[in-house]
Amino acid sequence: MHIFVFSFNRGPFLDNCVRSIEACAPQCKLTVIDDGSDDQETRQVLADVAKRHRVVDKTAESGHKLGGLYANMQAAYEMAADDELMCFLQDDTQMVRPLTDDDILHLRQSFEQQPDLGFVSPAFVRGFSLRKKADRDFRFDRERDFWFWYPKKRSTGTWFSALLIADPKRLRQVDWQFEVGESVNNRKAAKLFCRMARMRAPFSMWLPNGRAYRGKQKSLALRFGEWSRRCGLYPLQIMSDKEVQALKQAEPARLPVAEDYLKTTRGNIRTPWAYDPMQGAGWLKLLDRLERKLRGLFR
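The opening residue of the sequence shown carries number 1 in the working numbering; numbering runs sequentially from there.
Structure below.
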């Protein structure tokens, strides 16, 4: 498996992500694609990572058209070989359990035996996504050995999510191209593949209460959201073999909700965890949009 990590100006987060991959999946190839980070801390982390793994840097001649998450995902897809699975992670995520050769073999066999399988999520289910009754409908398909999500309304994450595992060869067979925006890719995947499969025992997760960017910028509303939520780096503990096996072998299968199985190494984080500083604060999102519009007028 070839793991790609997408990075921008979050040096400590990137360092945590890379170290988790080195600890949990040392057999996998790792490439970091950075989208032009310009803060010194991140530049230093990138330089250190480049001593051990491939780093594709937008600020250098990369040979790829980079710019923005989805363009970088397309670049990663073009780098991936037909004979390897690819996994996309981001700098504000990390691996939370060892990825075994048997895990990779199971994923390979799943793609081989399920011709409509396009994307598999490597991530745990986020607890906040279960708050609405209409969105709680996750069903375990015993024959496929995956969970699938059946929300009442079409939602991003039903067929596609930016954290993914895919078979590049399969995507090339349908002339897949990554479009800009998760909802666009979600609609596109719905026409080509079955719903996004979710592992019985996922191996990665977004970090709770992480810092964020929108359009590579931080509005005043976003900064206030980060301050009020005490956003920072809250790494996740690596699951023990016993915990992983209990999740893999649970009968009936248990929905892998992050807050039920994962713990942070420090800090007391309110549950359900938040992954966006403005999550659940509509007035902050409104202020953020207004500020962006005003910035656009005075450019």
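Ideal Cβ placement from N, Cα and C applies to all residues, glycine included.
It should be emphasised that the depicted structure is a prediction, and the values quoted were computed from it without experimental measurement.
Please work out which residues of its chain come closer than 7 Å, Cβ to Cβ, to residue i, disregarding the five sequence neighbours upstream and downstream, and give them in chain order.
i      : result
Arg230 : Asn209
Leu107 : Leu85, Val120, Ile165
Arg43  : Ser37
Gly127 : Val257, Ala258, Glu259, Thr271, Pro272, Trp273
Asn16  : Gln94, Leu233, Pro235
Ile269 : Pro208, Asn209, Tyr234
Val174 : Leu192
Looking only at its own chain, which residues have a Cβ that is under 6 Å from the Cβ of residue i, when we skip the five neighbours before and after it?
i      : result
Val32  : Val5, Ser7, Val49, Val55
Pro98  : Cys24
Phe111 : Leu117, Asp167
Ser183 : Thr156
Arg154 : none
Leu130 : Arg136
Tyr275 : Trp206
Gly267 : Tyr234
Trp159 : Asn186, Ala189, Ala190, Arg195, Met196
Phe138 : Trp147, Trp149, Leu255
Val18  : Val49
Which residues does DSSP list as the beta-bridge partners of residue i?
i      : result
Leu30  : Ile3
Thr264 : Leu236
Gln94  : Met205
Trp149 : Phe138
Cys87  : Ile3, Ile165
Ser121 : Arg198
Val180 : Beta-bridge pairing links Val180 to no other residue.
Arg54  : Thr31
Val257 : Val125
Looking at residue i: is its Cβ nearer than 7 Å to the Cβ of residue j?
i      : j      : result
Met205 : Ala258 : yes
Pro12  : Leu233 : yes
Ala80  : His2   : yes
Lys58  : Asp35  : yes
Phe140 : Ala253 : yes
Leu30  : Ile21  : yes
If you drop the 5 nearest sequence neighbours on each side, which residues of the same chain put their C-beta closer than 8 Å to that of residue i?
i      : result
Leu163 : Phe88, Leu89, Gln90, Thr93, Ser121, Pro122, Ala123, Ser204, Trp206
Pro256 : Phe124, Val125, Trp147, Arg198, Met199, Arg200, Ala201, Pro202, Leu247
Leu262 : Val96, Phe124, Met205, Leu236, Gln237, Met239
Asp241 : Pro98
Taking all protein chains shown into account, do 16 or more other C-beta atoms lie within 10 angstroms of the C-beta of residue i, making it buried, or fewer, making it exposed?
i      : result
Arg52  : exposed
Asp260 : exposed
Ala75  : buried
Val180 : exposed
Asn9   : buried
Arg170 : buried
Leu105 : exposed
Arg301 : The requested residue 301 is not part of the displayed model; the chain covers only 1 to 299.
Do the segment 234-250 and the segment 174-190 meet, that is, are 3 or more Cβ pairs less than 8 Å apart? no
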